[in-house]
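A short worksheet on the structure shown next.
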Amino acid sequence: GLGFDAALAKVVEKTEGPLADEFSRGLNEIRVGKARRDALRDIVERADVRALRTFIGAIIQAEQLGVSISKVLQVQSEQLRIERRQRAEEQAAKAPVKMLFLLVGCIFPSMFIVILGPAMIMIMVSIGG
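Note that this note's numbering has the sequence shown beginning at 4, numbered continuously upward.
What follows is the structure, encoded as structure tokens:
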């Protein structure tokens, strides 16, 4: 129900951090007369975050074409979910390699001691006695 600027003001009001600070600065620039498109582009230049660049680019394009911003937000959120899922899958694919070093370095030596320890004791006893 809110306009873009009012919704962004609500987000800034309820959140903290560098992104909220950047949006707050952008809103202040809009309030003093800077064009929304220019203020949003300035946020992108200052932040230099790929996801933010994509998001703001889509907002600017929707504004220029007269497309509903809610549709743009839905598409953007879905795209970010897909990217996050892909990063999680990449990290999951790297996990077995990292676990291999743990197995070789810690678990296998312990297993050898447990398995070969009694045999070594028997050999030492038979050699010594």
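All residues carry an ideal CB built from backbone N, CA and C; glycine is no exception.
For residue i, count neighbouring C-beta atoms within 10 Å of its own C-beta (all shown protein chains included) and say buried if the count is 16 or more, exposed if not.
i      : result
Phe58  : buried
Gln135 : Examination of residue 135 is not possible in this model, given that the chain is present from 4 through 132 alone.
Ile110 : exposed
Val100 : exposed
Val70  : exposed
Ile46  : buried
Could you pull the start and end residues of the alpha helix (DSSP H) that residue i belongs to?
i      : result
Thr57  : Arg53 to Leu68
Ala133 : No statement about residue 133 is possible, as the shown extent of the chain runs from 4 to 132 and does not include it.
Gly20  : Neither: Gly20 is in no alpha helix (DSSP H) and is coded neither H nor E.
Leu119 : Phe111 to Gly131
Ser71  : Run containing Ser71: none; DSSP gives neither H nor E here.
Below 8 Å on the Cβ atoms is my guess for residue i versus residue j; work out the distance and round it to an integer in Å.
i     : j     : result
Phe7  : Ile72 : 6 Å
Gly60 : Ala42 : Not really, about 14 Å apart at Cβ, beyond 8 Å.
Any contact of the segment 36-56 with the segment 10-17, i.e. 3+ C-beta pairs under 8 Å?
no
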